[in-house]
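Each remark here refers to the structure printed beneath this line.
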């Protein structure tokens, strides 16, 4: 999946700060590998008792913070992000709690609206999970794509989004509150 976060100016990404956290699937009992591209934390909860963390907090992410319009291809699993920068989460503009500070342009008063984040993972026994829990910190807005399909939108306007679309409102929590959503199996 891919994740795009945005601040007041926002596309699918968080201009001011992006804090990525976790997502969890739920297990059943099949052994197969399913590649996936994910830009947020994924935690798996096996159907019977246990949880499997697919993307732990602090893991490395690919990101692009240059103010460019990446269109829609960036969220697809076949997209090459080889030229993008990488860094460990928490990622953000530098308010003091980031592991990786991302660029926002030459003017702190006029930051890029969109920053793109990507994470590729492979899930063993994907069919054994009964569901997933996605945890995300965002400042100010975020849209999460998994394998090219939008799965979560937080503090973003409805409808079509572009790289100049801003978050619906300024996040009063400054990205400190975890946003959580449950996703069905097969996501």
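In the numbering used here, the protein residues as written are 10 to 196. For each residue, glycine too, the CB sits at the ideal point set by N, CA and C. Owing to the predicted nature of the structure, the values given are computational and were not obtained by experimental measurement.
With the rule of 3 Cβ pairs closer than 8 Å, the stretch 112-119 does not count as touching the stretch 135-155.
Look at the beta carbons and you see the stretch 114-127 touching the stretch 172-187: at least three pairs across the two are nearer than 8 Å. In the DSSP assignment, residue 72 falls within the beta strand (DSSP E) that extends over 69-73. Counting the other CB atoms within 10 Å of its CB gives residue 107 a total of 16 or more, which places it among the buried residues. Secondary structure at residue 118: coil, using DSSP grouped into helix, strand and coil. Residue environment for residue 133: exposed (fewer than 16 other C-beta atoms within 10 angstroms of its C-beta). Residue 152: member of the beta strand (DSSP E) spanning 150-155, first to last residue. The stretch 86-112 contains, as complete beta strand (DSSP E) runs of 3+ residues, the segments 94-97 (chain order).
Taking a 10 Å sphere around the C-beta of residue 74, we find 16 or more other C-beta atoms and assign the residue as buried.
Taking 8 Å as the upper bound for CB-CB distance, residue 139 and residue 194 are in contact here, some 5 Å apart. Look at residue 136 here: in three-state DSSP terms it is helix. With at least 16 other beta carbons inside 10 angstroms of its own, residue 142 counts as buried. Beta-carbon to beta-carbon, residue 163 and residue 145 are separated by about 7 Å, close enough to satisfy the 8 Å threshold. In this chain, the beta strand (DSSP E) harbouring residue 192 covers 188-193. The beta-bridge partner set that DSSP reports for residue 63 is empty.
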